[in-house]
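Participant:
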Ligand code: FAD
Ligand code: NAI
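Residue numbers (the working numbering): 15 to 500.
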């Protein structure tokens with residue numbers, strides 16, 4: 015068995031691992047990356063990128079069906095949805111991104127090893143592939159092996175009747191109906207995407223509300239209203255008990271308020287969270303500690319209990335988000351190269367790609383109060399008062415800013431509305447830099463753009479937004495309805 019030796023070996027080529035390997039090689043370290051399945055990991059192949067491609071297609075279709083004729087654009091008939099072509103297009107998007115990752119790794123002289131890695135000791139990995147087994151030793155290891163979907167009792171994934179997110183993103187036929195168990199990130203993103211393609215969707219959520227603890231409650235209300243308007247049924251405090259095959263579809267038994275109901279659908283999608291892959295690769299076998307939720311225990315430098323073995327991304331800790339994984343990837347590479355760094359971010363911005371999108375940076379009102387900020391200034395600016403949003407025919411939602419009343423320092427920004435995903439980066443910068451409301455309000459934002467809502471939300475929080483009527487002057491609340499932007 016051949017043995018290769020490196021300064022750094024990264025296990026897993028997701029957005030945590032591949033970014034870490036590139037940065038490590040950039041810094042002159044002899045680096046290898048081991049991947050058992052696909053370059054780019056879950057994110058590029060069965061997660062962020064394919065889901066956003068399909069969500070884009072669904073959004074586009076929704077606009078064609080609901081807005082185009084008002085704009086004077088009429089079609090000769092109904093828009094035909096060709097799910098097979100959509101899958102081909104989706105795959106081309108993913109392949110392009112995954113191919114790009116491979117090129118970047120090679121271009122940075124990272125050695126790519128394909129196969130399943132397993133720790134033999136704290137200094138050696140065994141890699142099994144179709145062509146055989148090899149041994150890899152290194153001075154430092156970075157575990158970036160990610161996570162997988164959680165199964166619930168009675169709902170084993172067969173990807174035919176009971177789908178995980180992976181199956182939900184691979185559908186090449188339109189569904190008439192679907193039951194979605196779990197009203198969190200994935201359930202609502204894929205659920206609303208399916209709904210846009212004309213599928214009758216029923217969301218079964220165990221909690222008292224949708225996205226509980228994952229997004230600002232007021233933002234969620236806007237999305238919940240839109241889901242209802244688009245014909246999505248939501249069952250709260252509901253428990254899925256089991257399912258059986260019925261004809262070509264499924265019958266799902268759900269318990270709500272002590273009573274059982276049977277929901278008929280073509281398929282059931284289970285999206286109740288993801289678990290770290292820490293039960294694999296003999297991680298525990300070499301003395302790396304794992305917590306009760308399955309996350310590898312790490313310190314602020316993402317070192318495990320074995321100091322030269324690091325863990326990043328979904329396997330290390332919440333939030334399970336690609337950009338958090340990549341941030342850790344760069345940081346760990348720099349630590350290994352001798353830089354004095356630690357994970358000290360004020361915020362990991364989040365986006366939920368529903369309709370309209372929800373995005374957040376910094377604290378919610380409850381979190382700010384819990385952190386000791388007793389005197390808050392909170393202001394809101396509605397997209398209905400923004401010229402660009404009106405011209406896009408996407409006026410649902412608002413930008414909400416939470417600031418410390420004494421210092422005016424921005425503590426949190428919560429957006430529900432068009433392009434919230436692209437607007438939130440300004441808010442993340444504001445929170446990270448400790449910007450004051452005046453910094454946002456006095457920065458000239460180009461017109462006509464959705465970005466102006468950030469400036470006006472800051473003005474609203476200061477009590478003097480121009481394009482809404484605010485009474486009393488100087489108060490924290492956004493006033494009555496919007497008026498036209500002249
Ligand atoms: P992963 O991306 O999971 O990569 C881990 C890699 O390690 C995999 O390629 C795996 O094959 C490999 N591996 C595992 N074990 C071994 C082994 N023993 N040997 C060799 N290789 C191994 N996040 C966002 O920020 N934005 C989004 O819009 C978003 N959308 C999502 C949509 C869906 C449907 C899903 C499922 C997730 C989404 N996420 C999103 C979450 C995001 O995908 C993850 O947070 C991110 O992929 C985590 O990156 P990672 O590098 O930790 O792990
Ligand atoms: P999630 O944690 O976002 O939501 C799971 C939901 O399922 C919760 O609302 C929970 O109350 C509910 N639930 C749990 N058990 C249940 C049961 N037995 N019956 C009914 N409901 C139940 O998990 P999800 O949606 O699987 O996503 C996993 C993670 O992937 C996310 O937390 C996020 O970190 C990441 N992700 C990020 C995206 C983004 O950034 N846009 C998109 C998709 C995923």
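Glycine included, C-beta positions come from ideal geometry on N, C-alpha and C. Keep in mind that this is a model prediction, so the values were computed, not measured.
1) Residues in the same chain with beta-carbon distance under 7 Å from residue 33, minus the five sequence neighbours each way, listed in chain order, please.
2) Excluding sequence positions up to five away, which residues of its chain have a Cβ less than 8 Å from the Cβ of residue 296?
3) Count the other C-beta atoms from every protein chain shown that fall within 10 angstroms of the C-beta of residue 319, then say buried if there are 16 or more, exposed otherwise.
4) From which residue to which residue does the beta strand (DSSP E) around residue 266 run?
5) In three-state DSSP terms, what is residue 164?
6) Between residue 508 and residue 218, is the Cβ-Cβ spacing less than 7 Å?
7) Suppose you measure from the CA of residue 304 to the CA of residue 55; what does that come to, to the nearest Å?
8) Looking at the strands, I want to know which residues DSSP matches up with residue 290.
9) Considering Cα atoms alone, identify which of 239, 322 and 467 is closest to residue 349.
10) Take the Cβ of residue 206 as the centre, count every other Cβ of all protein chains shown within 10 Å, and call the residue buried at 16 or more, exposed below.
11) Using a Cβ-Cβ cut-off of 8 Å (strictly less than) and excluding sequence neighbours within five positions of residue 107, which residues of its own chain qualify?
12) If we ignore side chains and look at the alpha-carbon of each, how far apart do residue 85 and residue 464 end up?
13) Count the other C-beta atoms from every protein chain shown that fall within 10 angstroms of the C-beta of residue 307, then say buried if there are 16 or more, exposed otherwise.
14) Let me know the secondary structure DSSP gives residue 334 once reduced to three states.
15) Among 484, 383 and 377, whose alpha-carbon lies nearest the alpha-carbon of residue 399?
16) Does the Cβ of residue 384 have 16 or more other Cβ atoms within 10 Å, making it buried, or fewer, making it exposed?
17) Per DSSP, what kind of secondary structure is residue 74 in: helix, strand or coil?
18) With respect to 6 Å, is the separation between the Cβ of residue 51 and the closest non-hydrogen atom of the ligand FAD below this value?
19) Flag residue 65 as yes when its Cβ comes closer than 6 Å to any non-hydrogen atom of the ligand FAD, and as no otherwise.
20) What residue ranges within the region 183 to 246 form continuous beta strand (DSSP E) runs of no fewer than 3 residues, ordered along the chain?
21) In whole angstroms, what separates the C-alpha of residue 474 from that of residue 180?
Facilitator: Taking the structure as given:
1) 340, 343 and 344
2) 132, 133 and 134
3) exposed
4) 263 to 270
5) coil
6) Limits of the chain in this structure are 15 at one end and 500 at the other, which puts residue 508 out of reach.
7) 22 Å
8) 161
9) 322
10) buried
11) 63, 64 and 67
12) 20 Å
13) exposed
14) coil
15) 484
16) exposed
17) helix
18) yes
19) yes
20) 191 to 195 and 214 to 218
21) 42 Å
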